[in-house]
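Engineer: Quick mapping for you: the protein sequence lines, in order, are chains P and L. All residue numbers for the first sequence refer to the numbering used here, where the first residue is 1122 and numbers rise by one. All residue numbers for the second sequence refer to the numbering used here, where the first residue is 246 and numbers rise by one.
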Amino acid sequence: MGGIAKGSECDVMEKSNHEVIILGIETSCDETSAAVLVNGTELRSHVISSQIMTHQKYGGVVPEIASREHSLHLQPVVQQALDEARMTFKDLSAIAVTYGPGLVGSLLVGVSGAKAMAYAAGVPLIGINHLEAHIYANFLPHQDIEFPLLALLVSGGHTHLIFFEAHGQYKVLGRTRDDAAGEALDKVARTLGLGYPGGPQIQRIAQEGDAQAFKFPRAMLEPDSLDFSFSGMKSAVLNTLNSARMRGETLTVPDVAASFQQAVVDVLVRKTMLAIKKTRVKTLLLAGGVAANSLLRQTLSETLGKESVRLVYPPPILCTDNGAMIATAGYYHYLAGDFAPWTLNAVPGLSFT
Amino acid sequence: MKYLTIDTTTKVTAVALAEDGRLVGEGFLHTTKTHSERIIPMLDQLLTATDWSLQELDMIGVVRGPGSFTGIRIGIATAQGLAQVLKLPMIGVVSLDTLAWAGLGRTEDIVPLLDARKNEWYTARYRWTRGEEKAECLTPPQALPKDQWLDQLRELDRPICFVGDAIAKAKGQIEEVLGERALILPEYINLPRGAYAVQAVWQRWQETGVGERVEPYYIRFSEAEVNWAKKEEARRSEGHE
Ligand SMILES: [Zn+2]
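(1) Taking Cβ-Cβ distances below 8 Å as the criterion, which residues of the stretch 344 to 378 of chain L are in contact with chain P?
(2) So, Val1218 of chain P versus Gly1248 of chain P, is the Cβ gap smaller than 8 Å?
(3) Please report the residue range of the alpha helix (DSSP H) in which Tyr1455 of chain P lies.
(4) Report all residues from its chain with a CB closer than 8 Å to the CB of Ile1397 of chain P; omit the five preceding and five following residues, and keep chain order.
(5) Would you grab the beta carbon distance between Val1199 of chain P and Ile1142 of chain P for me? Rounded to a whole angstrom, and I think it's under 8 Å.
(6) Can you tell which of L:Leu288, L:Leu401, L:Phe466 has the C-alpha that lies nearest to the C-alpha of Leu383 of chain L?
(7) Flag Asp402 of chain L as yes when its Cβ comes closer than 7 Å to any non-hydrogen atom of ligand 1, and as no otherwise.
(8) Using C-beta distances below 8 Å, list every residue in its chain close to Met1122 of chain P, excluding the 5 sequence neighbours before and after it, in chain order.
(9) For Ala1126 of chain P, is the classification buried or exposed, using 16 other Cβ atoms within 10 angstroms of its Cβ as the cut-off for buried?
(10) List, in chain order, every chain P residue whose beta-carbon is nearer than 8 Å to that of Ser467 of chain L.
(11) What are the residues that DSSP puts in a beta bridge with His1281 of chain P?
(12) Report yes or no: do three or more beta-carbon pairs, one from the stretch 286 to 302 of chain L and one from the stretch 1193 to 1212 of chain P, lie closer than 8 Å?
(13) Give me the Cα-Cα distance between Phe1285 of chain P and Ala1332 of chain P, rounded to the nearest whole angstrom.
(14) Taking 8 Å as the CB-CB cut-off, is Met1354 of chain P touching chain L?
(15) Using a Cβ-Cβ distance under 8 Å, would Asn1466 of chain P count as near chain L?
(16) Which residue from P:Val1358, P:Glu1190, P:Leu1416, P:Lys1236 puts its Cα closest to that of Ile1216 of chain P?
(17) Decide if Pro386 of chain L is buried, meaning its Cβ has at least 16 other Cβ atoms within 10 Å, or exposed.
(18) With a cut-off of 8 Å, does the C-beta of Ser1233 of chain P fall near any C-beta of chain L?
(19) Over what stretch of residues does the alpha helix (DSSP H) that includes Trp450 of chain L continue unbroken?
(20) From Ile1326 of chain P to Thr1420 of chain P, what distance separates their C-alpha atoms?
(21) With DSSP as the reference, label Tyr248 of chain L as helix, strand or coil.
(22) Please name the residues in the stretch 298 to 326 of chain L whose beta-carbon is closer than 7 Å to at least one beta-carbon of chain P, in chain order.
(23) What number of angstroms, rounded off, separates the C-alpha of Gly514 of chain L from the C-alpha of Leu398 of chain L?
(24) Could you pull out every residue in the same chain whose Cβ sits closer than 6 Å to the Cβ of Val1385 of chain P, ignoring the five residues on either side in sequence?
(25) Just the chain L side, please: which residues come within less than 8 Å of Met1174 of chain P by C-beta, in chain order?
(26) Distance, Cα to Cα, Arg1189 of chain P vs Trp1463 of chain P?
(27) Tell me whether Tyr433 of chain L is buried or exposed, calling it buried when 16 or more other Cβ atoms sit within 10 Å of its Cβ.
(28) Residues near ligand 2, CB to any non-hydrogen atom under 6 Å, in chain order?
(29) Is the CB of Pro437 of chain L under 8 Å away from at least one CB in chain P?
(30) Just the C-alpha distance for Ser298 of chain L and Gly456 of chain L, rounded to the nearest angstrom, thanks.
(31) Where does Glu1304 of chain P sit, in a helix, a strand or coil, going by DSSP?
(32) With a threshold of 8 Å between beta-carbons, can Trp473 of chain L be considered close to chain P, or not?
(33) If I measure Cβ to Cβ from Val1374 of chain P and keep anything under 8 Å in the same chain, skipping five residues before and after, which residues do I get?
(34) Would you say Ala1217 of chain P faces chain L, with C-beta separation under 8 Å as the test?
(35) DSSP puts His1167 of chain P in a beta bridge; with which residues?
(36) Quick one, are the C-beta atoms of Ser1166 of chain P and Asn1443 of chain P less than 8 Å apart?
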C-alpha cells in the first residue's frame, strides 16, 4: 500500500540548499491565477485571468461557468507564469494551490491540475487555505512584519478578526454571524442599481455623497464581543429605500452609498480597536477584497496612528484573488515542511480552525 | 509507444497504461471516494506495479465527455497537468465512442447511456462490422429525453445492446419499451474501463498522429446560459410586437 498512502514530500531534501521557488495557483472563485515566487520575496511572475466580464451579464459569479472558464485557462495561465519567470517545472521547489474555501467545481480544477503538475515534476504539493493566503499577501511586500499581530480579513465571503502568535499559529477572535461586510456592500449596491462587483461601485459613488445624510444603525452585538453582524444594517438601508419609494420620494444614491459605507467602516474599525486593546498587539494586517476600500484604510490608519499600532495592507493587485498570495503562503508552509498528500481534496467550506 | 489514459466522466475512476494499443495495467474504482482523492494515488500504484515511470510515457489520453461536468474537468486538468510537465502530446476522446468498445464484435447496435440528469441521457448509437477496426457512429452523441430516445430506438426494429452507467436504473424502462430486442450487458462490462479508453485513444492517435489540444466536451450549455438565452429571446420577441 506504500504507493497509495505516500505523501508528496519527495525530493525536498535534495533541493533545500537552493533557492525556494514556489508556483502558486488560485482558482477558488472567478480568477484563474498563477505566480512564481522566489524565497518568499521576489515575485518573478504573476498572471491573473479574470472572468469578471463573463459573469457580468448574470449579475454575479455563476459556479458552473466559473469552473468551465478555469478549465480552459489553467494550463495557459500556468505556462505564462513559468515563461515570464524564465523557469520550467524543473526549477520549482513546490507547487502551492488553494483547496478551499470557494466554489467546489472551481477549486477542483486547480487542485487536480496542481496535483498532476507536482506529481509529474517530482516536487511536493502544498494545500493552501484561501483565507490565510489573503492575510499572507501582506508578507510579500513587507518582510519586516513582527509577531504577535492581528489580522482583519474583510471580503465578499468573510469578515474575521484573527490573532497570530507566529507563522501558522493563529486563533480566530471574531467573525460575522450573518453577512460578510463585502456581501452587505454588494447587496446594497445591487439595490441601488450600481452593478457588480458592488464594493468598488459603492466606494466610487460615495465620493459624491454625504456620509452623514442617513443615520444607519451600527450593529455592535454584546459589548465585549468581537463578532460582526451586517445583515441588520443591510436591511435598514433596504427598508429606508423601500419606504421612500412608497412615499414617492427618491433618495440621493450617493448619500445612501456614502452613509452605508461609513456605517460598515465604523463597525469594522470599532471592533478592530477593541481586539487590539484586548491583545495589545502592535501590528494590524488588513486583508481581503474590502481591504482595498480607501475609507476603511484611511480611518484605520488615523485611529491606529494614535495608538502607535502599525497598519499593513497589500497593494490593490494583491487584495483581489491572486496566485502571488497563494505562493507567499506556500513559501511559509514549505519552510515548515507542511505538505499535502496526493489525496488532497477541495474543501469548499474550509474556514479557520 | 507508451501511453496513459484517464476516464473520470462517470462515478468510476479508470486509469490505464498501455503500449501500442495493448493494455498493460488498469485501475478501476467504483466506490464513494472522489476522483480527486484517488486519481493520482491510483496512477502512482499502477506505475509501481508495472515498473513503468512517467518519463517513459510518450502520450497522454483523456476522456473529455460527455458525463459529469466536474468529472470531465478533473480528468482533463489532471491529464493536462501531467502532459504540461512531461511535455507530452495529448489525445481527447468522447466517452460514448469509448463505451462502444464494450460491445466490440457484437452484431447488435451498441447504445451507450450515461446519466445526464433532468430525465435525460447522454447517448449515441454505434455498429461494429466484422473486419472493421472502428465502430461506425450511426447516431451522433447528444443529450436526449429518455422516452424520446427509447421510442426512436423502437422504431429502428433492430436488436440493441446497451452499455453505460445509466443502465442499472433504466433496465426496467428499457425492457418495457424494447422487450426481447434489448440486450443489457453486466455492469463489469458496461461501466467505463481503462481498457476501452486505451482502445479509443489509440485509434484517435492513429488518426491525428500528433496529438491535439483537449477541451471539455459537455454537449450541454450551463443552466445559467440556457436561462439567459431564454430571457433574451423573450425580451427580443416582446420588442418586435
Ligand atoms: Zn478571496
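Backbone N, C-alpha and C define an ideal beta-carbon position, used for all residues, glycine too. The structure presented is a predicted model; accordingly, all values stated were derived computationally and were not measured.
Structural biologist: So, from the data block:
(1) Of all residues in the stretch 344 to 378 of chain L, none is placed with a Cβ closer than 8 Å to any Cβ belonging to chain P.
(2) Yes, they are a contact pair.
(3) 1444 to 1456 is the extent of the alpha helix (DSSP H) around Tyr1455 of chain P.
(4) Correct list, in chain order: Leu1271, Leu1405, Leu1425, Glu1428, Val1430.
(5) That pair is no contact at about 14 Å.
(6) Closest in C-alpha terms to Leu383 of chain L, from the list L:Leu288, L:Leu401, L:Phe466, comes L:Leu401.
(7) No, since every heavy atom of ligand 1 falls outside the 7 Å radius drawn around the Cβ of Asp402 of chain L.
(8) In this prediction, Met1122 of chain P has a pLDDT of 31, which is less than 50 and means its spatial position is unreliable; nothing more can be read from the coordinates.
(9) With a pLDDT of 39 at Ala1126 of chain P, under the threshold of 50, the modelled position of that residue is not reliable, and no figure is offered here.
(10) In chain order: Val1183, Glu1185, Ile1186, Arg1189.
(11) In DSSP, His1281 of chain P forms a bridge with P:Leu1274, P:Arg1296.
(12) Because the criterion of three Cβ pairs below 8 Å is not met, the stretch 286 to 302 of chain L and the stretch 1193 to 1212 of chain P do not touch.
(13) Cα-Cα distance, rounded: 34 Å.
(14) Chain L, which has no Cβ nearer than 8 Å to the Cβ of Met1354 of chain P, makes this no.
(15) By this cut-off, Asn1466 of chain P is an interface position.
(16) Of P:Val1358, P:Glu1190, P:Leu1416, P:Lys1236, the residue nearest in Cα terms is P:Lys1236.
(17) By the neighbour-count rule (16 or more Cβ atoms within 10 Å), Pro386 of chain L is buried.
(18) Interface with chain L (8 Å Cβ-Cβ cutoff): Ser1233 of chain P is included.
(19) First-last of the alpha helix (DSSP H) with Trp450 of chain L: 439 to 453.
(20) So the two alpha carbons sit approximately 18 Å from each other.
(21) DSSP, read as helix, strand or coil, puts Tyr248 of chain L in strand.
(22) Flagged, chain order: Leu299, Phe314, Thr315, Arg318, Ile319, Ile321, Ala322, Thr323, Gln325, Gly326.
(23) Outside the shown range of chain L (246 to 486) lies residue 514 of chain L, about which nothing can therefore be said.
(24) Taken in chain order, the residues that qualify are Ala1302.
(25) The premise fails here: Met1174 of chain P is roughly 14 Å from chain L at the closest Cβ pair, so nothing lies under 8 Å.
(26) Our two residues, Arg1189 of chain P and Trp1463 of chain P, have alpha carbons roughly 24 Å apart in a direct line.
(27) Sixteen is the threshold: since fewer than 16 other Cβ atoms of the shown chains lie within 10 Å of the Cβ of Tyr433 of chain L, the residue is exposed.
(28) The model on display carries ligand 1 but not ligand 2.
(29) Output row for Pro437 of chain L: interface = no.
(30) Rounded to the nearest angstrom, the gap between the Cα atoms of Ser298 of chain L and Gly456 of chain L is 21 Å.
(31) DSSP, reduced to helix, strand and coil, places Glu1304 of chain P within a helical segment of the structure shown.
(32) By this cut-off, Trp473 of chain L is an interface position.
(33) Take Val1374 of chain P, set aside five residues on each side of it, and the residues of its chain with a beta-carbon closer than 8 Å to its own are Leu1313, Gly1314, Leu1315, Ile1326, Gly1330, in chain order.
(34) Closer than 8 Å: no.
(35) Its beta-bridge partners are P:Ala1156.
(36) No, Cβ-Cβ distance for Ser1166 of chain P and Asn1443 of chain P is not below 8 Å.
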